[in-house]
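Just so you know, the sequences run in chain order A and B. Position 152 of the first sequence, counted from 1, bears residue number 152 in UniProt numbering, the numbering being contiguous throughout. Position 67 of the second sequence, counted from 1, bears residue number 67 in UniProt numbering, the numbering being contiguous throughout.
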Amino acid sequence: MRTTIGLTAIAAAATLALTACGGSSTSGSAPQNAPAGEGGDVTVTLTADGCQPQPSSISSGAVNFKVSNKDAGAVTEAELMSGGQMLGEQENLTPGLDGGFSLELAKGDYQIYCPGAKKDHWDFHVTGDATKSWKDNPALVTATTDYGKWVVDQVNQLVTGTKAFADAVKAGDTAKASVAYGQARVFYEKVEPVAEIWGDLDKNIDGRADDFDNPADFKGFHKIEQSLFEARKLDGMGPVADELVTNVTKLQQLVAKATYQPAEIANGATELIDEIQKSKVTGEEERYSHIDLLDFKGNLDGSMEAFTVLLPALQKNAPDVAKAVQDRAAAVTAALKQYEQSPGYLNTGYVDYSTVSKDQQKTLSQAVNALGEAMSKVAAKVSQ
Amino acid sequence: MTPALSRRRMLSGLGALGVGGLVAADTTLTAANAASTSQVVPFWADHQAGITTPQQDRLTFAAFDVITKDRNELVGLLKTWTAAADAMTKGHQVPGGASDLQAPPSDTGEADGLTPGNLTVTIGFGTSLFDDRFGLAAKKPKALTPLPKLAPENLDPAYTNGDLCIQACADDPQVTFHAVRNLARLGAGIVVLRWMQLGFGRTASTSSAQATPRNLMGFKDGTRNLRAEQTDLIDQNVWVGEETDQAWLRGGSYLVARRIRMYIETWDRDYLADQQNVFGRYKNSGAPLGGSDEFDTPNLGSSDIPDDAHIRLASPEHNGGIHLLRRGYSFTDGTDSTGNLLGGLFFIAFMKDPKQFVTVQKALAADALNEYIQHIGSGLFACPPGVAPGQFWGQGLFT
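The following block contains the structure:
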């Protein structure tokens, strides 16, 4: 997840650009309705005479072109042109077929072009300014506020859990520390993309041995994990635990003041799914403790929380994307369920990941991959 | 002249607007030079491209398992794949836009700037697709039954079967990989990759305009292969016709893929006379033993060609007149666990009935070549006929 400052700059650039958004000539997705004053629907009927757009002028924003061919044998496509360049099209409409495409259009003069018709260029105008902010959408404002509160709550629990873990480490109680380890970490796994906003904080809390050129710099959760589960002793881990508490407390202070943009939240949701695929399914992240399935669940929960706060806005813009994410998430949940155990390995609620075979890992990975592909479409749709 | 109708160049004029490349490319293409368009193999045709069209030098082959239980999702994917394959064949990007900063580009982008490369994308349906998941059991052709055990084989399940296959061929390996990668991505949640094979050099010719290439054993392979120009033999041996019990498959074909390992190190230690006896051809000229020109008809009545020579046992004369249309590729996947080269021939052949392959392969059980090869992967797929605009791959299966 990028910093808020970075994202704002990107969003401004995107508003200036004339953006093709989904629903292209061949994707076959149904055009979505946009409210008045923010683009809208334009009907284009192909006939032997031409392809007059109705209406011929519309306000800027998301414009959905609904193209149909009643009976024109020779005219089978409509293209949106600007300055001789094609921006979008619907091809291959033989008589009786209809289709469409959607574009984010800025103010300007355009033409609808239907090769083969008696009059093949028809004027089309877009008026007004394309500038609108997600802050105009109450559903998105609520989403960002709710997400911020949720993050604060998770990080509070992270701090509490990390302190308990540090106490057990300093007391040299390996049994207690082994259980407390996962109980603290899972809260970090839920909000990891947020923590990554602040430079080295993520590396110092959650870095792995291979992230450091100098082995002496290795610190944080995984340093203690290595000592606890590989060397099976906690000698010298007291200062590491103290520094970990300091770092998660720093995170607590930072998130208390942080704000989020909808696209950031959505892209963070995708990053959490990618985290599962890259480092949990492979067993790489918890290579000493093998509590990867608990991390997996943490990433998944964090991703779904981000998705859930955005859902009301997403339902309106792109119900098909929302449904795809829900379906794929259900498949991941079902795939994960068979590894549930009570109280489970180290009280994680799951089995020891080292007992999960390569074939089983492959099945998990494929379900996660499908969810990630669906989730990656949310950010653009929710910020429309 | 190097025509190089670069996608990057076509898009450069649009850069400031950041509009997705697919649709923009079309208009430029019509005005572009003819040499570039000659790199586009028509997608919409009576038969699928990639069967009798001239064989390209590079291959990416992939087999998929369908994981959805929803027939509508499968149909939706086939529609999406058809549109994407059509676009990529033309050298365009996968439809859907590439300029939204908050969305991943719909095309993965690694073929941007490359020429279309004569890309063909061919689909096939495996036996396993016709179970009870999608209501296709009644549409299963009688001829589409799993292949029997065929020596010399020791099949690895990780390189065998699949519900669907995609054969992507082009003059550039990046173009073929791009095609399969993007189709796999579009299929996320509906299909998963089961196995995949890259091929780096064609080992057959499907047009008389092409010279006969050599396989990794250094021999000309496919001298007697069917050529597209032999239309009568193609009709008799390749295209499924009225004889099938399934109307949806007429105009299609069957694809047999065999991942054939060559024991390269031991082959390379075999003396030349024996190598030539194994194939039944001279290594240098490719002529049949006893002949002088590569295209001389082998004199199978002569003892110049040993009884167990590959050329004899594989010949139509030895197999009741059966021909196969071969489109194989050389492959290597590095080394095996013992440090030997892992590579050989990724055999692909098209035929109107899989029995043709079974017959020939059974005859090859006595092949002298078997000392140096083993079949280690296998797939059998029914390839539907070509598609017309507005249709999708395999539409007849679902209507």
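C-beta: ideal position from N, C-alpha, C; glycine also. Since the model is a prediction, treat every value here as computed from it, not as a measurement.
- In the DSSP assignment, Arg58 (chain B) falls outside any alpha helix (DSSP H) and lies within the beta strand (DSSP E) extending over 58–66.
- For His222 (chain A), the enclosing alpha helix (DSSP H) has its first and last residue at 221–225.
- When 9 angstroms is used as the limit between beta carbons, Leu97 (chain A) is near these residues of chain B: Gly390, in chain order.
- In the DSSP assignment, no residue is bridged to Phe357 (chain B).
- Using a CB distance cut-off of 8 angstroms, Glu373 (chain A) counts as an interface residue toward chain B.
- One thing to note: Ile273 (chain A) has its Cβ within 8 angstroms of the Cβ of Met375 (chain A).
- Assignment of Gln326 (chain A) by DSSP, reduced to helix, strand and coil, places it in the helix class.
- Residues of the segment 101–121 of chain B with a C-beta less than 7 angstroms from any C-beta of chain A: Leu101, Gln102, Ala103, Pro104, listed in chain order.
- Look at Thr45 (chain A) here: in three-state DSSP terms it is strand.
- When the beta-carbon positions are compared, Ile234 (chain B) and Gly343 (chain B) stay at least 8 angstroms from each other.
- A straight-line Cα-Cα distance of about 43 angstroms links Asp112 (chain B) and Lys223 (chain A).
- Separation of Ile190 (chain B) and Leu136 (chain B) (C-alpha to C-alpha, rounded to the nearest whole angstrom) is 17 angstroms.
- Each of B:Arg185, B:Lys149, B:Ser128, B:Leu226 was checked against the Cα of Pro105 (chain B), and the nearest Cα belongs to B:Arg185.
- For Leu397 (chain B), there is no enclosing beta strand (DSSP E), as DSSP marks it with neither H nor E.
- Distance from the CA of Asp367 (chain B) to the CA of Ala158 (chain B), rounded to the nearest whole angstrom, comes to 26 angstroms.
- Ala143 (chain A) sits close to Pro262 (chain A), with the two beta carbons spaced by under 8 angstroms.
- No Cβ of chain B is located within less than 8 angstroms of the beta carbon of Ser133 (chain A).
- Annotation: Ser342 (chain A) to Ser378 (chain B) spans about 43 angstroms, alpha carbon to alpha carbon.
- Within the segment 236–256 of chain B, not one residue has a Cβ closer than 9 angstroms to any Cβ of chain A.
- For the pair Asn319 (chain B) and Pro152 (chain B), the CB atoms are not nearer than the 8 angstroms cut-off.
- Not a single C-beta of chain B is nearer than 8 angstroms to the C-beta of Lys149 (chain A).
- Between the segment 100–113 of chain A and the segment 273–290 of chain A, the count of Cβ pairs shorter than 8 angstroms is below three; the stretches do not touch.
- Annotated three-state conformation of Ile305 (chain B) is coil, per DSSP.
- Per DSSP, reduced to three states, the secondary structure at Met351 (chain B) is strand.
- Contacts between Gln366 (chain A) and chain B, judged by CB atoms closer than 8 angstroms, involve Ile67, Val192 in chain order.
- Within the same chain, Cβ atoms closer than 6 angstroms to the Cβ of Asp171 (chain B) are found at Gln56, Asp57, Gly117, Asn118, the five residues on either side in sequence being excluded.
- At a C-beta separation below 7 angstroms, Thr94 (chain A) has these neighbours in chain B: Gly390.
- When 9 angstroms is used as the limit between beta carbons, Asn267 (chain A) is near these residues of chain B: Gln102, in chain order.
- A distance below 7 angstroms between beta-carbons, with the five flanking residues on each side excluded, links Val360 (chain B) to the following residues of its chain, in chain order: Ala314, Asn319, Ile322, Leu324.
- Residues of chain B with a Cβ closer than 7 angstroms to the Cβ of Lys377 (chain A) are, in chain order, Ala103.
- Annotated three-state conformation of Glu89 (chain A) is strand, per DSSP.
- Given a length threshold of 4 residues, each whole run of the alpha helix (DSSP H) inside the segment 214–288 of chain B is given here in chain order: 231–237, 264–268, 272–279.
- Neighbours of Ser383 (chain A) in chain B, taken as residues whose beta carbon is under 8 angstroms from its own, are Gln102 in chain order.
- When 7 angstroms is used as the limit between beta carbons, Arg185 (chain B) is near these residues of chain A: Glu373, in chain order.
- Looking only at B:Gly162, B:Thr231, B:Thr212, B:Lys142, the smallest Cα-Cα distance to Ser128 (chain B) is reached by B:Gly162.
- Taking the Cβ atoms as the reference, Lys352 (chain B) lies roughly 19 angstroms from Gly222 (chain B), outside the contact range of under 8 angstroms.
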